[in-house]
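In our numbering, the protein residues as written are 2 to 353.
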């Protein structure tokens, strides 16, 4: 990764992936949540905050540096090749030691779209960025404000009130984040720098945690209220969105610094995702962690944080090794793929 990248954003990228790993402790763990509230379930729901928060911020950082840039098909091919190489590599190693389920083999060979929802959606976003950039150029500031305001009501406010959702899916949500970040970069100038985003984020996090505890308590009297917790923890939940933008804007308004170490480690965060979220690795990792052995609120929170640190550090160390091995091969396949795509595009131009 280029050392010219702003390390305040790259540090946030690392933190975002750590939050995602921490949420997977809660989502993919061995603890079986009952139909009623428990102390352990409250702790797990608090850890779940980081999942969609982290994925939102991860997309926003990538979007910020793509606004106004020329579309490069190489970027799409490189990510696709990286996903496929890691998926196949993990399959090959696992097949030597384990008896694998047919479904896991299939998902490893064909990782798109089911094995890696985030990578699949991000690639789709990259493909549509030229369209989104054209839209931004056509509608201007006022038009973009209208689009964002409308989508904010349809995709954030109404779903947060458990009302209807219109046309929302992972791809359209990522597109919304791209449009929102584009507006911030193109039209806000220094207007947002006066807002203490760190305090906004801390306050919103406190409200989110208190709301989780509140709805768990209320669920003892009205069991249906337990579902409200899950609604707020969605990627488009109002509190999650405020948290996401607070984190992003805090990094944006922070003093810019350049750290080769931070930038290098940031470049490995995507491989951390590919390794620990692989359909074969996921049950192995969280089966070893075995979060059902943690009893009580603080033990579950502490166990989750410690487990996330261990999984993050170990997969990061593996990434350092695998990137050295796979990077040359990835370059070769990417370049070959780019040649084929360019040849195909030239052929279409001639035919048309």
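For glycine and all other residues, C-beta sits at the position ideal for the given N, C-alpha and C.
Burial state of residue i, where buried means 16 or more other Cβ atoms lie within 10 Å
i: residue 100; result: exposed
i: residue 293; result: exposed
i: residue 135; result: exposed
i: residue 228; result: exposed
i: residue 47; result: buried
i: residue 13; result: buried
i: residue 274; result: buried
i: residue 3; result: Note that residue 3 has pLDDT 44, beneath the 50 cutoff, so the model's placement of it is unreliable and the number below is only indicative. Result: exposed.
i: residue 291; result: exposed
i: residue 325; result: exposed
Continuous alpha helix (DSSP H) stretch holding residue i: start and end
i: residue 274; result: 270 to 277
i: residue 294; result: Element bounds for residue 294: n/a, residue is neither H nor E.
i: residue 237; result: Run containing residue 237: none; DSSP gives neither H nor E here.
i: residue 105; result: 103 to 110
i: residue 356; result: This structure leaves residue 356 out entirely; the chain is present only between 2 and 353.
i: residue 1; result: With the chain covering only 2 through 353, there is no way to say anything about residue 1.
i: residue 46; result: 40 to 65
i: residue 75; result: 74 to 98
i: residue 361; result: The shown model of the chain, from 2 to 353, leaves out residue 361, and the question about it has no answer.
From the options, residue whose alpha carbon lies closest to that of residue i
i: residue 119; options: 64, 330 and 59; result: 59
i: residue 245; options: 45, 157, 190 and 301; result: 157
i: residue 27; options: 11, 51 and 227; result: 51
i: residue 84; options: 108, 103 and 102; result: 108
i: residue 36; options: 67, 221, 137 and 61; result: 221
i: residue 1; options: 206, 69, 339 and 312; result: Since the first residue shown for the chain is 2 and the last is 353, residue 1 is missing from the structure and cannot be characterised.
i: residue 185; options: 240, 247 and 224; result: 247
i: residue 238; options: 288, 126, 92 and 169; result: 169
i: residue 16; options: 42, 41 and 54; result: 54
i: residue 41; options: 309, 342 and 301; result: 301
i: residue 129; options: 79, 64, 89 and 92; result: 64
i: residue 304; options: 25, 125 and 11; result: 25
Review point. Counting Cβ pairs closer than 8 Å, one from the stretch 254 to 266 and one from the stretch 4 to 16, do we hit at least three?
Key: Taking 8 Å as the limit for Cβ pairs, the verdict is that the stretch 4 to 16 does touch the stretch 254 to 266.
Check your understanding: Counting pairs of Cβ atoms below 8 Å between the stretch 314 to 321 and the stretch 268 to 279, do you hit three or more?
Key -> Here the stretch 314 to 321 lies against the stretch 268 to 279, with 3 or more beta-carbon pairs under 8 Å apart.
Check your understanding: Contact between the stretch 180 to 198 and the stretch 134 to 152: three or more CB pairs below 8 Å?
Key -> yes
Review point. Below 8 Å, can you find three or more Cβ-Cβ pairs linking the stretch 201 to 221 to the stretch 276 to 293?
Key: no
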